[in-house]
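Chemist: Going left to right, the sequence shown walks through residues 1 to 570 as the working numbering numbers them.
Every residue, glycine too, gets a C-beta built ideally from N, C-alpha and C.
I have a structure here, written as structure tokens, and I will follow up with some questions on it.
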Amino acid sequence: MKFERLAELYSRLEVYSEKSVKTQLIAAFFREVAKENPELLKVVTLLVRGKIFPEEEDVELGLGERLVMRAIAAAAGVDVKTVEQLYKELGDLGAVAERLLSKGKIAKFFSEELTIQRVVQTLRKIAEISGPGAIDKKVQLFAGLLADASPKEAKYLVRLVLETLRIGVGEGIVRDAIAEAFRVPVDLVERAYMLTNNLGEVAYIAATQGIEGLKKIDVKPGRPIKMMLAHVAPSIEEALAEFGGAAQAEYKYDGFRVQIHCWDNQVKIFSRHLEDVTSRFPEIVEDIKRCIAAKEFIVEGEIIAVEPGTGKPRPFQYISRRIRRKYDIQKMIEEIPVRLYLFDLLYVDGQSMIDKQLKERRERLEQIFQQDKAKHTELAKKLVTGNVDEIEQFYYEAISLGHEGLMLKNLRSIYIPGKRVGMWYKLKPTLEPLDLVIIEAEWGEGKRARWLATYYVAARDEKTGRFLCVGKVGSGLTEQQLEELTRLLKELIIKEEGKKVVVRPKIVVEVDYQEIQKSPKYESGFALRFPRIRRIRYDKGPEDADTLERVRQLYELQFKKRAAEKAASQ
């Protein structure tokens, strides 16, 4: 299929802001693709969201703003300074490519048709290039695509590789478009996506097998599923009332949530972002093989760092070092020992457990878990009760042992992949910190001049998919963390404005603050007062960030707490 048809879709999506219109446009495009080549759906479901490769592949193109400028210059037959000057005027490299290539491009003896398949294959080739001369080869290949592109195609090619499409299309719109395109129920598409984490595969099955094909999709060891999420507890009393009078309370561990799959005598450990992190935890792999009496299973739990000798919990930054380390694993095992706390069972020996109630899942987990054979693993401590005082005592016990708080779970809850529903609640001691995405940063001054030391953090607007700023934060990080964050952000820079840089929204940080205020200063309408970065969330991606609606809820919760405190003092 010609790339110009995708470029035309991009241009139309850019014009319309209504979700329903975007859904209809994408659905019509999916039907066209399915008629020509259903296999291509696996690619275009990514491309319409501005992505090139599936997230689980963790592939980086290595084409930053500077290299894209060189490619545009080469394709248009101008020097890089011309590109830079026009970029300052237009503020969008996609528009720069469109303008320059509409005036003319470098002469070629022959030009190759620009198809979606060719674009994706070439971009994958660019990502795979490494070694001496890699930069020049990457620029040359991308310039080749631009030289064969129309001005409109060039505009969107550039935006695509820089991840700046700005067409407001997220997973929800693509999900709805699949349902509309192939006349299948949207909840069935949603379920299939949560069980496969692959909208392309879901679209292909919907197009070729319809409703019956989607119904056959189920939990499968080796294929991670999106993890069920929790709300913040309004209060113990309200949670119990919602649950019908009783709950399963569990310690909330301050660690790294994992989903562990075992099949064919192999074990894989996946993060909540569904990244394969098996190599980081070899001791857990061996432990799991020993202590669970089943041939095939999927379990969930939390890995925390513990002090050598005492086994006491350590702060999250210790486990984050284990997550990031890809080499010298044995050294890290000795320096930062870990413990795994299991709390859920999703599959066992041919039987999916996700539609079973929590009570049954936990009982089955307890049946197959063998504590006497485990060295680094145990079951999450639990308490089943409807007594508020007992839960409060259990909560303070968890806090005193160095844990985060409690999870309160409905005993009748089924496992709903990828959803934050009113079945699980988390109970923590302070106003909830926010997981926010860095969208801009500024170079520091004086001693901090060599680092990007101030960060503009943003919440996700679920309606548009955009990240809207809620504050500027420059405290909370050590020099080592500043250096690490600067290294990560430099790879994501898409625009420089004096001391400020605009970056791709990829890095998530956990932010504490004194309060949330209404503010016209930011487009979000909110501003954090005295924000402070607690930690970098290596285990989370931008789609896991807190939403603008969550910020609004916390803003309102502040006033409820103040009113309650005032009433209690009178």
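Considering only the alpha carbon of each residue, which of L195, M423, E484, K331 lies closest to V232?
Modeler: M423
Chemist: Can you find a heavy atom of the ligand HEM that lies under 7 Å from the Cβ of L365?
Modeler: Ligands are entirely absent from the displayed structure, and the ligand HEM is therefore not among its contents.
Chemist: Go through its chain and collect everything with a Cβ distance to K381's Cβ below 7 Å, but skip five positions before and after it.
Modeler: Its chain contains E250, Y251 as the residues whose beta carbon lies nearer than 7 Å to that of K381, once the 5 sequence neighbours on both sides are disregarded; these appear in chain order.
Chemist: Where do the ends of the beta strand (DSSP E) carrying R454 lie?
Modeler: In the sequence as displayed, the identity of residue 454 is Thr instead of Arg. It spans 452-460 - the beta strand (DSSP E) in which T454 sits, taken as one unbroken run.
Chemist: As a quick exercise: from K42, E153, E56, L123, pick the residue whose alpha carbon is nearest that of V96.
Modeler: E153
Chemist: To the nearest angstrom, how far is it from the Cα of Q209 to the Cα of V508?
Modeler: 38 Å
Chemist: Determine the closest residue to E510 out of R487, G541, E523, with distance taken between C-alpha atoms.
Modeler: Among R487, G541, E523, the Cα nearest to that of E510 is on G541.
Chemist: By how many angstroms is the C-alpha of V68 removed from the C-alpha of I135?
Modeler: 11 Å
Chemist: Cβ of V285 within 8 Å of Cβ of V267?
Modeler: Yes, the pair counts as a contact, with Cβ atoms nearer than the cut-off.
Chemist: Quickly, what does DSSP pair H261 with across the bridge? List them, please.
Modeler: K268, I298
Chemist: Inspect the beta-carbon positions of V277 and I323 and report whether they are closer than 8 Å.
Modeler: yes
Chemist: Starting from the Cα of Q259, find the closest Cα among P234, G245, M227 and give me that residue.
Modeler: M227
Chemist: Do you know how far the Cα of Y396 is from the Cα of P313?
Modeler: Rounded to whole angstroms, P313 to Y396 spans 16 Å at the Cα level.
Chemist: In the DSSP assignment, what are the bridge partners of E510?
Modeler: D435, R535
Chemist: In terms of residue numbering, what span does the beta strand (DSSP E) encompassing Q517 cover?
Modeler: For Q517, the enclosing beta strand (DSSP E) starts and ends at 515-518.
Chemist: Put S400 into one of helix, strand or coil per three-state DSSP.
Modeler: helix
Chemist: Report buried or exposed for A293, applying the criterion of at least 16 other Cβ atoms within 10 angstroms of its Cβ.
Modeler: exposed
Chemist: According to the neighbour-count rule (16 or more other Cβ atoms, all chains shown, within 10 Å of its Cβ), is T196 buried or exposed?
Modeler: buried
Chemist: By the DSSP assignment, the alpha helix (DSSP H) with Y193 in it spans what residues?
Modeler: For Y193, the enclosing alpha helix (DSSP H) has its first and last residue at 186-196.
Chemist: For the structure I just gave you, are there three or more beta carbon pairs, one from the region 462-474 and one from the region 492-502, closer than 8 Å?
Modeler: no
Chemist: Within the same chain, show all residues whose beta-carbon is closer than 7 Å to that of M1, passing over the 5 residues directly before and after it, in chain order.
Modeler: V33, E36, N37, L40, T115, I116
Chemist: How far does the beta strand (DSSP E) with G405 in it extend, from its first residue to its last?
Modeler: 405-409
Chemist: Report the three-state DSSP secondary structure of I304 (helix, strand or coil).
Modeler: strand
Chemist: DSSP has P313 in a bridge; who is on the other side?
Modeler: V306
Chemist: Verify whether the separation of the beta carbon atoms of P505 and A458 is less than 8 Å.
Modeler: yes
Chemist: For S11, name the three-state secondary structure that DSSP assigns.
Modeler: helix
Chemist: Apply the 10 Å Cβ neighbour rule to D148 and answer buried if 16 or more other Cβ atoms are within range, or exposed otherwise.
Modeler: buried
Chemist: What's the gap between the Cα of K216 and the Cα of A192?
Modeler: 9 Å
Chemist: Nearest by alpha-carbon distance to R535: which of I354, L123, S475 is it?
Modeler: Considering only alpha carbons, the answer is S475.
Chemist: Provide the residue(s) that pair with D344 in DSSP beta bridges, ordered along the chain.
Modeler: E300
Chemist: Any chance you could list the beta strand (DSSP E) runs of at least 3 consecutive residues sitting entirely within the region 314-397, in chain order?
Modeler: Restricted to the region 314-397, the beta strand (DSSP E) segments that are unbroken, complete and at least 3 residues in length are 338-348, 377-379, 382-385, listed in chain order.
Chemist: If we count the other Cβ atoms within 10 Å of its Cβ and call it buried at 16 or more, is F30 buried or exposed?
Modeler: buried
Chemist: Taking the alpha-carbon of K22 as reference, which of Y538, I167, I439 has the nearest alpha-carbon?
Modeler: I167
Chemist: So, for A239: in the same chain, excluding its five sequence neighbours on each side, which residues have a beta-carbon less than 7 Å away from its beta-carbon?
Modeler: A233, A247, L408, Y425
Chemist: Rounded to whole angstroms, what is the Cα-Cα separation between D573 and E296?
Modeler: The structure shown does not extend to residue 573, since the chain spans only 1 to 570, so no value can be given for it.
Chemist: What is the DSSP secondary structure of D276, counted as helix, strand or coil?
Modeler: strand
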